[in-house]
Every structure is written in C-alpha cells, then in structure tokens.
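Peer 1: To start, I am sharing the structure in question, which I have written as structure tokens.
Residue numbers (full-length UniProt numbering): 1 to 316.
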C-alpha cells in the first residue's frame with residue numbers, strides 16, 4: 001500500500017485560522033481534525049513487508065461512539081455552544097466563502113488578501129451592511145435577535161410614507177405569516193413568503209436585478225417577529241451567501257432588516273397603513289386545521305436540509 005500525504009496549502013491554512021470562530025467549549029477547526037488522524041502501521045499476513053497507511057477514522061469507531069457523535073442531542077448541544085454574536089456570525093459566513101473558493105485559481109493570493117481585509121472590516125464594524133460597501137441607512141433598535149438588524153414600527157411607517165425615497169431605490173416588505181393571517185390583514189404592498197422554497201425563488205428571480213448602486217432594502221416580519229420572520233431572514237442571507245460564495249462578500253441583498261414586534265406591533269401603531277385594516281392572529285379559532293397543516297410542514301424541515309418542493313393549497 002502506498003502512503004499518500006496531502007500537500008499543505010499555506011494560504012488556505014492561514015485564512016482558515018483567522019476566520020474560524022471560537023467555540024465556548026474549546027477552539028477547534030477542520031484542520032485540527034485532519035491532524036488528529038494519525039499514521040498507523042499496517043502489517044501484511046506474512047509479516048515481512050510493513051507499510052504505513054492512514055487509518056480510516058469511520059471504520060474503527062464503535063457503534064456507540066458513532067451514535068453519540070451524530071445524535072441529534074449532541075448536534076443540538078454543539079449548536080447551542082456556538083457564539084451567535086454578529087461578529088462571529090460574519091466570520092462564519094466568511095469561512096464558508098473561503099471553503100468554496102477554487103484553490104486552482106491563479107489569483108488565489110489576491111483573493112485571500114481581499115477576503116482577509118473584508119473579514120476584519122465586517123467583524124469590527126457592525127454598522128456597515130453585509131457586503132461592507134456602506135452603512136445601514138435606517139435607524140435600528142436593540143431586538144431579541146442580536147445578529148439581526150431590527151427597526152421599529154415607527155421607522156417602518158416613515159419608510160412606507162416615502163421619507164427615505166431619496167436614499168432608498170426600492171423596498172420589499174416580506175410577510176412570513178401563513179396565508180390566512182396575511183389575508184386577514186397585512187402591511188400595504190408586502191409579499192407573503194412563508195416557506196423556504198418561496199424565499200429562495202424570490203432570491204433567484206431577482207439575483208441579477210440589483211447590480212446598480214441604488215439600495216434595495218428588504219424588511220422581514222411575522223406576527224411578532226420572534227420565529228418565522230427571523231428564520232426566513234437568515235435563510236435568505238444563507239442562500240445569498242451560497243450563490244455569491246466565489247465573490248465574497250458580494251450579495252444580492254446586503255441590506256436587510258427585521259420589523260421589531262412584527263405585524264401586531266405595527267398594526268397597533270399604524271393601522272391606516274394596513275390592508276384590510278384588520279388583524280388575524282395565528283391562533284385564530286377558525287383556522288385550526290390550517291395552523292396544523294403549516295406547522296407540520298415547517299417541522300418536517302430539519303436543520304441544514306433543503307425542504308422538499310411540495311406545494312399544497314390552503315384549506316378553509
């Protein structure tokens with residue numbers, strides 16, 4: 001058996017060490033894991049020829065060890081331990097971009113330097129939008145989700161009234177509530193995107209329409225902006241990063257906000273900007289079947305997996 005030792009790439013290792021975020025339970029990276037796989041001597045049956053081969057990790061792990069490594073509980077604990085501060089989240093996004101760059105590229109050193117510079121900027125200056133090109137235009141408030149930029153209902157109202165038309169070229173309000181909630185009252189001009197598939201389709205359909213210097217701002221929300229809105233916000237950003245992984249930190253939608261308090265808070269403060277001027281909660285007694293249907297569909301999506309493309313009509 002021949003021994004194969006991969007050649008170490010100094011540039012890739014250097015960047016990986018910079019952008020790999022620390023974990024609370026100790027620091028590690030993919031390069032650390034690869035170094036733990038030791039060279040183990042393997043002897044043939046006649047005990048004459050002894051060769052050195054790389055010990056495959058998976059074949060020598062017991063079933064119990066494998067089960068503990070990949071159990072849902074363990075993965076959930078690891079996700080809980082990850083530091084989700086805005087700076088660390090941006091570093092993780094940069095790491096994913098680095099992993100997608102082709103090492104055969106002749107201008108890799110130049111790309112590495114550009115990415116290093118941008119990582120430093122995004123990790124230290126949280127007031128710039130996600131591509132590092134300019135500051136956020138709207139005033140933000142401290143919300144429940146520290147990694148997401150949030151605006152107040154009053155700021156949303158001023159945006160809809162046209163007070164930022166000279167600075168913002170286009171605004172898209174994305175309502176992540178279920179269709180029966182949306183039809184029972186929503187912000188004027190908003191889009192109802194309540195599945196990951198719909199959010200991705202929106203991103204892909206407009207991926208090449210925002211190469212100009214004008215701002216296109218997205219504002220996500222749900223009923224309270226506590227779960228569904230933030231989830232779709234993060235999903236769009238993740239898909240946007242994946243689409244543009246080879247041109248980090250470029251994004252199709254670098255400026256996104258979350259409406260703090262959701263539709264309920266906005267409805268209570270600015271009902272005149274809603275249509276119809278009503279509010280139907282998610283737990284409305286007349287839509288128990290619809291709620292069960294949409295919740296079941298949402299729970300069938302496991303973390304890290306792309307949902308299956310299933311379209312189901314609304315049941316009344």
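C-beta atoms are modelled at their ideal positions from N, C-alpha and C, and glycine is treated no differently.
Rounded to the nearest angstrom, what separates residue 295 and residue 204 at their Cα positions?
Peer 2: Mapped onto the chain shown, residue 295 falls at position 295. Mapped onto the chain shown, residue 204 falls at position 204. Distance between the alpha carbons of residue 295 and residue 204: 25 Å.
Peer 1: For residue 152, I'd like the list of residues in its chain whose CB is within less than 7 Å of its CB, leaving aside the five on either flank, ordered along the chain.
Peer 2: For the purposes of this step, residue 152 is taken as residue 152 along the chain shown, with counting starting at 1. Excluding residues within five positions, the ones whose Cβ falls inside 7 Å are 141, 260.
Peer 1: Can you say whether residue 275 is buried or exposed, counting buried as having 16 or more other CB atoms within 10 angstroms of its CB?
Peer 2: As a working note, residue 275 is residue 275 in the chain shown. Result: exposed.
Peer 1: Would you kindly work out how many angstroms separate the C-alpha atoms of residue 217 and residue 225, rounded to a whole number?
Peer 2: As a working note, residue 217 is residue 217 in the chain shown. As a working note, residue 225 is residue 225 in the chain shown. Near 17 Å, if we compare the C-alpha coordinates of residue 225 and residue 217.
Peer 1: Check each candidate in 280, 114, 160, 268 and name the one with the smallest Cα separation from residue 189.
Peer 2: The sequence position of residue 189 within the chain shown is 189, counting from 1. It is 160.
Peer 1: For the candidate residues 120, 168, 232, whose alpha-carbon lies nearest to that of residue 197?
Peer 2: Taking the first residue of the chain shown as position 1, residue 197 is located at position 197. The candidate whose alpha carbon is nearest that of residue 197 is 232.
Peer 1: Just list the beta strand (DSSP E) runs in the stretch 127–182, keeping only unbroken ones of 3 residues or longer that don't cross its boundaries, in chain order.
Peer 2: 170–175
Peer 1: Can you tell me whether residue 223 is helix, strand or coil according to DSSP?
Peer 2: On the chain shown, residue 223 is found 223 positions in, with the first residue counted as 1. DSSP places residue 223 in coil when its eight states are reduced to three.
Peer 1: Could you compute how far the alpha carbon of residue 270 sits from the alpha carbon of residue 173?
Peer 2: Stepping through the chain shown from its first residue, residue 270 is reached at position 270. Stepping through the chain shown from its first residue, residue 173 is reached at position 173. Each residue's Cα considered, the two are about 15 Å apart.
Peer 1: Which residue's Cα is closest to the Cα of residue 157: 132, 262, 121, 124?
Peer 2: In the chain shown, counting from the first residue as 1, residue 157 sits at position 157. Measuring from the Cα of residue 157, the nearest candidate turns out to be 262.
Peer 1: Could you tell me the boundaries of the beta strand (DSSP E) in which residue 257 lies?
Peer 2: Looking up residue 257 in the chain shown gives position 257. Looking at the DSSP string, the run of the beta strand (DSSP E) that includes residue 257 is 256–259.
Peer 1: What is the DSSP secondary structure of residue 284, reduced to helix, strand or coil?
Peer 2: Your numbering for residue 284 matches position 284 in the chain shown. In this structure, residue 284 counts as coil in the three-state DSSP scheme.
Peer 1: Starting from residue 253 and walking both ways along the alpha helix (DSSP H), at which residues does that stretch end?
Peer 2: Along the chain shown, one-based indexing puts residue 253 at 253. Careful: residue 253 lies outside any alpha helix (DSSP H) and carries neither H nor E.
Peer 1: Please check the pair residue 251 and residue 148, which I expect to be a contact at CB under 8 Å, by giving their CB distance rounded to whole angstroms.
Peer 2: In the chain shown, counting from the first residue as 1, residue 251 sits at position 251. In the chain shown, counting from the first residue as 1, residue 148 sits at position 148. Beta-carbon to beta-carbon, residue 251 and residue 148 are separated by about 15 Å, too far to satisfy the 8 Å threshold.
Peer 1: Identify which residue in 243, 116, 255, 215 has its Cα closest to the Cα of residue 169.
Peer 2: Mapped onto the chain shown, residue 169 falls at position 169. The residue with the shortest Cα to Cα distance from residue 169 is 215.
Peer 1: So residue 145 packs on residue 254, CB below 8 Å; how close in whole Å?
Peer 2: The residue you call residue 145 lines up with position 145 of the chain shown. The residue you call residue 254 lines up with position 254 of the chain shown. Not quite, the Cβ-Cβ distance comes to about 18 Å (not below 8 Å), so this is no contact.
Peer 1: Going by C-alpha to C-alpha distance, which of 267, 297, 289 sits closest to residue 187?
Peer 2: By one-based count along the chain shown, residue 187 stands at place 187. Closest by alpha carbon: 267.
Peer 1: Whole-angstrom Cβ separation of residue 177 and residue 114, contact assumed at under 8 Å?
Peer 2: What you label residue 177 is simply residue 177 of the chain shown in a count that begins at 1. What you label residue 114 is simply residue 114 of the chain shown in a count that begins at 1. Not quite, the Cβ-Cβ distance comes to about 40 Å (not below 8 Å), so this is no contact.
Peer 1: Would DSSP call residue 235 helix, strand or coil?
Peer 2: The sequence position of residue 235 within the chain shown is 235, counting from 1. Three-state result, residue 235: helix.
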